[in-house]
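Worksheet for the structure shown next.
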């Protein structure tokens, strides 16, 4: 499917270059706006307005929403006032607000000037809510009903109002001061046996709602838990101010997963997709963590330096440092990443800390013992017998494997506790992932290693 | 919100223990099925059927779907034939199929025996599709319309059939042999100006659909791209067999993100949530990778052993091995994780490989130079002057920092190329993440380090 689409894409771009506008127009009209938006990515700057003007009014607006901010800005700058107004009129308020957020100030001014007063006030309202809050991703366009309407009146109202609303399938029942009383779905309305039933009798009263200040991640979690199409957003007095729709929730879930993954790998999360990030952007996201971890490796250098004599006396010990630190780091990051993901999916809470620790201790003991046994045999067979490294004595092998076992157990403890601790102090647990934990575990594993060496080898 | 809910939860469980069933019943009826299902997690085995029987018929079915498989199995085993039938009658087919997938064979047999013949055949059909395919997550209950129906007739049909369908908001237009011709939304129907308009005139003809064999991840990506409520699933002859709904797509997106994160951290993905995984489960998921990486560290041991003399001659060199390998590993995993996430979000394709490499080279050179400069100064100020380690000469410092710069650049190359290569040979790019790359980068960094040491220090 994806490959077939690339061929279509190329054919369309060729038509544009060959100025076969009439054919192109006929094809574009059958395409999905997301796919049309994709076409613009392959275009040169001057071709963008050309292709855009081939779209009909409604499709132009839907496509515009899906385009990249660069292309949007280019188009807005090139639009006549009339064209700009036409596109804005077709946009839903939350989409318009998203676009406004991405644009430079002078473009924003022009957008707000040409939006109709109602949309202008809605955009302004959404823009004032804190970033990543329910308020910032909601739309103010929804169908509202009154308590004493009949089913027939309600359907009539939807028919009259619905064309401009982002979703008509969930309607909200409000009283005169816009307090949220209940909700009715179009399914309920269509399947009601009697058209003269009052809304009050069929509406769902025990509502799940969020406030404008609710974090968008919590909002998205509620969608994935309850399978809603839309979720009402209320202010401090339970007065309805907007709705969040499932498609926005889906985007939030994706964004948050990406953000977690980036944090877990020691990168500052970026709003830009990879393809749009310049090497300088990537550098800025990556260098702070690399610097931090490079400098914090000073500890491991110091530990090694202070055991220099021991290493000189038992030259075989040095060879196993990377294996020890690597296995410790991997063990720790397995535990931390599992805990971080469960925390962000809401499966795990801070109060579960005792259970997590007990579970990880048992897992760690099993992993530690299994690794130590296999490692012992491997070192003896491969390093000692096969490679003939006579510096490796029975005791050296034992030191390595005891240190390995203890390191794995310690690493898993650290790995599961740090994200829980971060959660407790309201930090993002994702920062407590592999790179951070490796640094701690590296130092720990060296200390354990040299301790055993001192005890058993007397170095 | 979440905390308030925990208080309610406790109050309800107390009521159950105190046998205040009437009050409990009144409260349960106002609650969302997902929340009711959550209550069962805190119950003892014998309390589960007790609480379940307080639910009314429809709510019982909806709650049952949201419960954990253990509790479901317990209930099914305890149900009378009549109770089982009542719950099954209320289930949607895809939910029933999900439940059947989780149950042991004798329970499945009992479920299939009591499901009505239509549901039985649908469940069987869904169960035959390959795991993780669109067929396995679809439901066979959707509203179908005919080409020459009027809007009025269509609405009438929805009213008659809709009560048993998972979504009524998107209806599919089929011809006599069930070939998919187009779709019509309830919004289109309600907003149609004339009730006698034919469906053929308002339906969307240029459809996006998937086949039963399409991978569920691709299906989920289409939802997040196109914002659909439902997506039609067809067989090889474009005959309609079912629909996938947005809530299932959302679940798939979550699962796939979790799977990627687990693979990236060197764990076998698990179907069970963390809280339900025993230490033995966790051990099984984690130990294969730990073993693999522990054994593959043999390379680093061998490299160090073969340079034993060099290390003995320049004792200061050993102290920087962990820093060098750690920074290399982190640099590599930053690049690999970024590329892996972009690949799984569909932002990046294999054909972009040249662009990725060029972008990463430039980023890597910047990171490498910046790190080397800071590292040089840090070693001189901290390790040499502050700690007074006189083994660190200007040349030793230079060797460390040159090796660091080259390692970072090499690590980022390896980090971005391996996932692309995995994609090219249809492997999951996520396995090419940090643990795998660290192993390669560890060996690389040591080789580079000793090479520079040989050249500049003559060891």
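Protein chains in written order, with the numbering used here: chain A, 14 to 472; chain B, 14 to 472.
We put the CB at the ideal spot given by N, CA and C, even for glycine.
These numbers come from a predicted model, not from an experiment.
- Would you say residue 148(B) and residue 226(B) are within 9 Å of each other, going by their C-beta atoms? Along the second chain, read from residue 1 onward, the residue named residue 148(B) stands at position 135. Along the second chain, read from residue 1 onward, the residue named residue 226(B) stands at position 213. Yes.
- Item | Beta bridge counterpart(s) of residue 245(A) as assigned by DSSP | Stepping through the first chain from its first residue, residue 245(A) is reached at position 232. Bridge partners of residue 245(A): 256(A).
- Message: For the stretch 320-337 of chain A against the stretch 434-453 of chain A, do three or more pairs of beta-carbon atoms, one drawn from each stretch, fall closer than 8 Å, so that the two count as touching?
- Response: no
- Query: For residue 216(A), which of 169(A), 254(A), 130(A) and 161(A) has the nearest alpha-carbon?
  - Reply: For the purposes of this step, residue 216(A) is identified with residue 203 of the first chain, where counting begins at 1. If we check each option's Cα against that of residue 216(A), 161(A) comes out closest.
- For residue 87(A), which residues of its own chain have a beta-carbon under 8 Å away from its beta-carbon, when the five flanking residues on both sides are left out? The residue given as residue 87(A) occupies position 74 in the first chain. Here the set comprises 58, 61 and 62.
- Message: Under 9 Å, Cβ to Cβ, is there at least one residue of chain B near residue 197(A)?
- Response: Indexing the first chain from 1 puts residue 197(A) at position 184. No, residue 197(A) lies away from the interface with chain B (no Cβ there is under 9 Å from its Cβ).
- Cβ of residue 372(B) within 9 Å of any chain A Cβ: As a position in the second chain, residue 372(B) is number 359, starting the count at 1. Yes, residue 372(B) lies at the interface with chain A (some Cβ there is under 9 Å from its Cβ).
- Item | Whole-angstrom distance between residue 376(A) and residue 106(B), CA atom to CA atom | Residue 106(B) sits at position 93 when you count from the first residue of the second chain. Residue 376(A) sits at position 363 when you count from the first residue of the first chain. One C-alpha to the other measures close to 38 Å.
- So does the stretch 131-148 of chain A actually touch the stretch 179-198 of chain A, counting three or more Cβ pairs closer than 8 Å? no
- Message: With a threshold of 9 Å between beta carbons, is residue 23(B) in contact with chain A?
- Response: Here the question's residue 23(B) lines up with position 10 in the second chain. No, residue 23(B) does not count as interfacial toward chain A.
- Message: So, for residue 78(A): in the same chain, excluding its five sequence neighbours on each side, which residues have a beta-carbon less than 6 Å away from its beta-carbon?
- Response: Translated into positions along the first chain, residue 78(A) becomes position 65. Within the same chain, residue 78(A) has close Cβ partners 108.
- Message: Quick check for students: name the residue ranges of the alpha helix (DSSP H) that lie wholly in the stretch 272-312 of chain A, counting only runs of 4 or more.
- Response: 292-309
- Query: Does the separation of the CB atoms of residue 329(B) and residue 402(B) fall below 9 Å?
  - Reply: Mapped onto the second chain, residue 329(B) falls at position 316. Mapped onto the second chain, residue 402(B) falls at position 389. Result yes, Cβ atoms of residue 329(B) and residue 402(B) sit closer than 9 Å.
- For residue 454(B), which option in 471(B), 469(B), 440(B) and 428(B) has the closest C-alpha, if you only look at C-alpha atoms? On the second chain, position 441 is the one that residue 454(B) refers to. When only C-alpha atoms are compared, the closest one is 428(B).
- Message: Taking 9 Å as the threshold (beta carbon to beta carbon), is residue 368(A) in contact with chain B?
- Response: Taking the first chain and counting its residues from 1, the one referred to as residue 368(A) is at position 355. At least one chain B Cβ lies under 9 Å of residue 368(A).
- Reducing DSSP to helix, strand and coil, say where residue 211(B) ends up. Taking the second chain and counting its residues from 1, the one referred to as residue 211(B) is at position 198. DSSP places residue 211(B) in strand when its eight states are reduced to three.
- Compare the beta carbon distance of residue 287(B) and residue 354(A) with 9 Å and say whether it is the shorter of the two. Taking the second chain and counting its residues from 1, one reaches residue 287(B) at position 274. Taking the first chain and counting its residues from 1, one reaches residue 354(A) at position 341. The answer is yes: Cβ separation under 9 Å.
- Message: Please classify residue 394(A) as buried or exposed, where buried requires at least 16 neighbouring CB atoms within 10 angstroms.
- Response: Residue 394(A) sits at position 381 when you count from the first residue of the first chain. Result: exposed.
- Is residue 21(A) helix, strand or coil when you go by DSSP? Position 8 of the first chain, counted from the start, is the residue given in the question as residue 21(A). Residue state, collapsed to three classes: helix.
- Leaving out the 5 sequence neighbours to the left and right, which residues in its chain are closer than 6 Å to residue 252(B) when beta-carbon positions are compared? Translated into positions along the second chain, residue 252(B) becomes position 239. Hits under 6 Å: 191 and 192.
- Message: If contact is defined by three or more beta carbon pairs under 8 Å, each pair taking one atom from either stretch, is the stretch 165-184 of chain B in contact with the stretch 256-266 of chain B?
- Response: yes
- Query: For residue 27(A), does the count of other Cβ atoms within 10 angstroms reach 16, so buried, or fall short, so exposed?
  - Reply: Stepping through the first chain from its first residue, residue 27(A) is reached at position 14. The residue in question, residue 27(A), is exposed, as its Cβ has fewer than 16 Cβ neighbours within 10 Å.
- Endpoints, alpha helix (DSSP H) assigned at residue 381(A): For this step, residue 381(A) is matched to residue 368 along the first chain. Residues 366-391.
- Task: Grab the span of the alpha helix (DSSP H) containing residue 342(A) for me, first residue to last.
- Result: Translated into positions along the first chain, residue 342(A) becomes position 329. Residue 342(A) -> alpha helix (DSSP H) spans 334-357.
- Does any residue of chain B bring its CB to less than 9 Å from the CB of residue 110(A)? Position 97 of the first chain, counting from 1, holds the residue named residue 110(A). Taking Cβ atoms only, chain B never reaches closer than 9 Å to residue 110(A), which makes this a no.
- Using Cβ-Cβ distances below 7 Å, what residues of the stretch 330-356 of chain A are close to chain B? 331, 332, 333, 334, 335, 336, 338, 339, 340, 343, 344, 346, 347, 350, 351, 354 and 355
- Determine the closest residue to residue 92(B) out of 379(B), 40(B), 113(B) and 127(B), with distance taken between C-alpha atoms. On the second chain, residue 92(B) is found 79 positions in, with the first residue counted as 1. Here the closest residue by C-alpha is 127(B).
- Note down the Cα distance separating residue 82(B) from residue 142(B), rounded to an integer number of angstroms. By one-based count along the second chain, residue 82(B) stands at place 69. By one-based count along the second chain, residue 142(B) stands at place 129. So the alpha carbons of these two residues sit roughly 21 Å apart.
- Query: Does the beta-carbon of residue 51(B) have 16 or more other beta-carbons within 10 angstroms, so that it is buried, or is it exposed?
  - Reply: As a position in the second chain, residue 51(B) is number 38, starting the count at 1. Buried, since its Cβ has 16 or more Cβ neighbours within 10 Å.
- Backbone CA spacing between residue 316(A) and residue 331(A) [nearest angstrom]: Within the first chain, numbered from 1, the residue matching residue 316(A) stands at position 303. Within the first chain, numbered from 1, the residue matching residue 331(A) stands at position 318. Rounded to whole angstroms, residue 316(A) to residue 331(A) spans 13 Å at the Cα level.
- Message: Does chain B have any CB closer than 9 Å to the CB of residue 69(A)?
- Response: On the first chain, position 56 is the one that residue 69(A) refers to. So no, residue 69(A) is outside the interface.
- Task: Compare the C-beta of residue 296(A) against all C-beta atoms of chain B and say whether one is closer than 9 Å.
- Result: Start at 1 with the first residue of the first chain, and residue 296(A) comes out as number 283. Closer than 9 Å to some Cβ of chain B, the Cβ of residue 296(A) qualifies, so yes.
- Task: Check the Cβ-Cβ distances between residue 20(A) and every residue of chain B, and say whether any is below 9 Å.
- Result: The sequence position of residue 20(A) within the first chain is 7, counting from 1. Output row for residue 20(A): interface = no.
- Between the Cα of residue 145(A) and those of 121(A), 159(A), 174(A) and 114(A), spot the shortest distance and give me the residue it belongs to. The sequence position of residue 145(A) within the first chain is 132, counting from 1. Ranking 121(A), 159(A), 174(A) and 114(A) by Cα distance to residue 145(A) puts 114(A) first.
- Message: Going by the DSSP bridge assignment, what does residue 361(B) pair with across the sheet?
- Response: By one-based count along the second chain, residue 361(B) stands at place 348. Answer by DSSP bridge pairing: none, since residue 361(B) is not bridged.
- Task: Name the one or two DSSP bridge partners that residue 228(B) has.
- Result: The count along the second chain starts at 1 and reaches residue 228(B) at position 215. For residue 228(B), which the question treats as bridged, DSSP gives the partners 146(B).
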